[in-house]
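To start, the structure under review is shown below, and the notes come after it.
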Amino acid sequence: MTVASSANHLVFVYVVYILASVGLTVWLSRMLFKSGAVFLEDVFDDNPRLAGAVNQLLVAGFYLLNLGYALLSLRVGRTELTFVEAIEQLSMKLGALMLALGAVHFGNLYLFHRMRRRGQIRLAPPPVKPQLFRDGASANHAAHTA
14 MTVASSANHL
24 VFVYVVYILA
34 SVGLTVWLSR
44 MLFKSGAVFL
54 EDVFDDNPRL
64 AGAVNQLLVA
74 GFYLLNLGYA
84 LLSLRVGRTE
94 LTFVEAIEQL
104 SMKLGALMLA
114 LGAVHFGNLY
124 LFHRMRRRGQ
134 IRLAPPPVKP
144 QLFRDGASAN
154 HAAHTA
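With the sequence shown counted from 1, adding 13 to any position gets you the working numbering.
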């Protein structure tokens with residue numbers, strides 16, 4: 014195999030990897046932005062502008078994390094690859110990127126869940142009727158003496 018054809022295989026890996034990583038990141042971030050807006054609007058129902066701002070910040074963080082990881086993992090160790098080896102390298106890189114995207118995606122879902130749960134707990138009534146007052150008297154004793 015010539016050095017030129019090996020370099021062409023490497024360029025092929027780089028181009029396909031960059032296109033796929035950017036495409037996957039953009040597609041998933043748009044899906045998270047649209048679907049996550051529902052959760053955030055529920056959490057911040059008293060302040061819809063805050064829900065939109067948090068959603069934008071989450072998308073920005075998602076882009077930074079995923080595209081940063083994709084660029085860091087771009088390098089292929091060897092420069093002389095057969096076409097089959099180039100495809101194998103590409104599949105390994107894309108597989109690792111998809112696992113990272115999945116992990117960040119589930120992290121976002123967990124974050125949305127925690128934020129929503131915290132909002133629901135904040136609005137929930139107390140779990141039980143108070144049994145003691147500040148001065149130490151019980152609720153029954155206070156009701157009978159009043």
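All residues carry an ideal CB built from backbone N, CA and C; glycine is no exception.
All of these numbers come straight from a predicted model, not from anything done at the bench.
- With a cut-off of 8 Å on Cβ pairs, the region 71-87 is in contact with the region 27-39, counting three or more such pairs.
- Below 8 Å, enough C-beta pairs join the region 41-61 and the region 126-135 to call them touching: three or more.
- Under a 10 Å Cβ-count criterion, Tyr-123 is classified as exposed, with fewer than 16 other Cβ atoms of the shown protein chains found around its own Cβ.
- The three-state reading of DSSP puts Ser-104 in helix, counting H, G and I together.
- Phe-25 and Ala-99 have their C-alpha atoms some 8 Å from each other.
- Ser-104 counts as exposed, since fewer than 16 other beta carbons sit within 10 angstroms of its beta carbon.
- Contact check for Ala-83 against Ser-34 passes: the beta carbons are separated by less than 8 Å.
- Straight-line measurement puts the Cα of Asn-60 at about 44 Å from the Cα of Arg-88.
- Ile-31 and Phe-75 have their C-alpha atoms roughly 17 Å apart.
- In the three-state DSSP reduction, Leu-32 falls in the helix class (H, G or I).
- Under the rule that a run must span 3 or more residues, no beta strand (DSSP E) segment is found entirely inside the region 29-95.
- Just so you know, the alpha carbons of Leu-71 and Asp-148 end up roughly 47 Å apart.
- Ranked by Cα distance from Asn-121, the options Leu-85, Leu-145, Ser-48 are led by Ser-48.
- Ala-116 sits in a helix when the DSSP states are folded into three classes.
- Its Cα nearest to that of Ala-113, the residue Leu-85 stands out among Leu-85, Asn-68, Thr-95, Pro-138.
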